[in-house]
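Colleague:
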Amino acid sequence: MSEAEPMVDEFDTVASWTSAAVAELGEDHALPAACRGSGSPAALDWLAASMGLHGGTRLLDSGAGVGGPSEYAARTCGVRPILAEPMAGACRAARDLFGRPVVVADGARLPFPDGAFEAAWSLGVLCTIEDKRAYLAELRRVVSPGGPVGLLVYTRAVESLPDQPEGNSFPSRYELGEDLEATGLSVVAELPLADATSAPEGWQQAADRVDELIEHQHGEDERWQRAKKQQETIVGLIQRELVVGILVACRAT
Ligand SMILES: C[S@@+](CC[C@H](N)C(=O)[O-])C[C@H]1O[C@@H](n2cnc3c(N)ncnc32)[C@H](O)[C@@H]1O
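Take 36 as the starting number for the sequence shown in my numbering and just add one per residue.
Right, here's the structure in full:
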């Protein structure tokens, strides 16, 4: 993984600040604040249903960040999540917030045997990775044959982007399809993220309150400023539909 500074700021430092802010604001802020880049509960519900996740499913969350999405799936459909995430600060935050098993690991070199999980998902991670096939092949390897693999991928809708956030490389939908096929993942269902946006009342407000507290406490810190700039660039690309989020449910072939 590239240790580009904006990525460390966004995924390590801000992750640590997030768990501290939740500790101040209250546990009801944890889930919204800890879903970084995974969209809404509706998106997670769609993906979980399309993957056939159910009570007791051992689910690997690769690139889990602060662990919100897999905690949401644990609470709503009873999966047993295991988190893998390369940023130690995010791992600590996930452990402090939700107490699920978490390992510091690069998704391209997972410390698990073949077929260790019944299911795996990866949300908002692929666009941060250069060697996408190595990452996808590893996800495929650790899921039992025929098992479900879910993805949220931010795709590039144009040939070249006017602003390129540092450390990101967005695949086109065509390139994503080629990468999935090459790594033994066949697409079962697909949905534009924009079609699954509704969130329960208060979800966005809780996430905003956490962001506001972090800004209040760290707004002068250049690491926060770099992370914010990075976020704004990505959000701008999404708003102009130059980058489009898609949810993809696959099966390991
Ligand atoms: C946009 S965040 C999404 C976090 C989480 N999946 C979510 O939806 O809330 C992208 C995550 O990918 C992680 N990441 C970056 N490179 C990675 C790699 N090589 N293997 C696994 N995860 C990686 C980052 O550290 C970060 O936590």
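Glycine included, each C-beta is placed from N, C-alpha and C at the ideal position. These numbers were taken from a predicted model, which means no experiment stands behind them.
1) I'd like the list of long-range same chain contacts for residue 126, defined as Cβ closer than 6 angstroms, with 5 residues on each side in sequence excluded.
2) Taking DSSP's pairing of strands, which residues face residue 95 in a bridge?
3) Taking all protein chains shown into account, do 16 or more other C-beta atoms lie within 10 angstroms of the C-beta of residue 181, making it buried, or fewer, making it exposed?
4) Would the segment 197–215 and the segment 50–68 be scored as touching if the rule is three or more Cβ pairs under 8 angstroms?
5) Using C-beta distances below 6 angstroms, list every residue in its chain close to residue 176, excluding the 5 sequence neighbours before and after it, in chain order.
6) Taking just the CA atoms, how far does residue 280 sit from residue 197?
7) What are the boundary residues of the beta strand (DSSP E) that includes residue 285?
8) Residues in its own chain within less than 7 angstroms of residue 253 by CB, not counting five upstream and five downstream?
9) Output the distance between the C-alpha atoms of residue 179 and residue 117, rounded to the nearest integer angstrom.
10) Going by other Cβ atoms of all chains shown within 10 Å of its Cβ, with 16 needed for buried, is residue 288 buried or exposed?
11) Report all residues from its chain with a CB closer than 7 angstroms to the CB of residue 223; omit the five preceding and five following residues, and keep chain order.
12) Between residue 285 and ligand 1, is the CB less than 7 angstroms from at least one heavy atom?
13) Do residue 164 and ligand 1 come close, with the Cβ less than 7 angstroms from some heavy atom?
14) In the structure shown, what three-state DSSP assignment does residue 194 receive?
15) Quick one, are the C-beta atoms of residue 174 and residue 134 less than 8 angstroms apart?
16) Can you tell which of 108, 112, 248 has its C-alpha closest to the C-alpha of residue 60?
17) Which of helix, strand or coil does DSSP assign to residue 51?
18) Between which two residues does the beta strand (DSSP E) carrying residue 137 extend?
19) Let's see if you can read the secondary structure: which residues bound the alpha helix (DSSP H) around residue 241?
20) Hey, how far is the Cα of residue 70 from the Cα of residue 236?
21) Determine the direct distance from the alpha carbon of residue 88 to that of residue 112, and round the result to whole angstroms.
22) If you drop the 5 nearest sequence neighbours on each side, which residues of the same chain put their C-beta closer than 7 angstroms to that of residue 228?
23) Return yes when the C-beta of residue 141 is under 7 angstroms from any heavy atom of ligand 1, and no when it is not.
24) Would residue 96 be called buried (16 or more neighbouring beta carbons within 10 Å of its own) or exposed?
25) Under the assumption that residue 245 contacts residue 49 (Cβ atoms under 8 angstroms), give the Cβ distance between them as a whole number of angstroms.
26) For ligand 2, I want to know if residue 83 counts as a neighbour, meaning its beta carbon is within less than 7 angstroms of at least one of the ligand's heavy atoms.
27) So if DSSP puts residue 224 in a beta bridge, which residue, or which two residues, is it bridged to?
Modeller: The answer reads as follows:
1) Cβ within range, chain order: 120, 137, 139.
2) Answer is 117, 155.
3) exposed
4) no
5) 149
6) Rounded to the nearest angstrom, the two C-alpha atoms are 18 angstroms apart.
7) 278–287
8) 52, 259
9) 15 angstroms
10) exposed
11) 85, 284, 285, 286
12) no
13) Of the heavy atoms belonging to ligand 1, at least one sits nearer than 7 angstroms to the Cβ of residue 164.
14) coil
15) No; because the gap between Cβ atoms is not below 8 angstroms, this pair is not in contact.
16) 248
17) helix
18) Boundaries of the beta strand (DSSP E) harbouring residue 137: 137–139, taken from the DSSP string.
19) DSSP places residue 241 inside the alpha helix (DSSP H), whose first and last residues are 238–253.
20) Those two C-alpha atoms are separated by around 16 angstroms.
21) 7 angstroms
22) Within the same chain, residue 228 has close Cβ partners 74, 78, 187, 280, 281, 282.
23) yes
24) buried
25) That pair is no contact at about 10 angstroms.
26) Only ligand 1 can be found as ligands here, which leaves ligand 2 out of the picture.
27) 284
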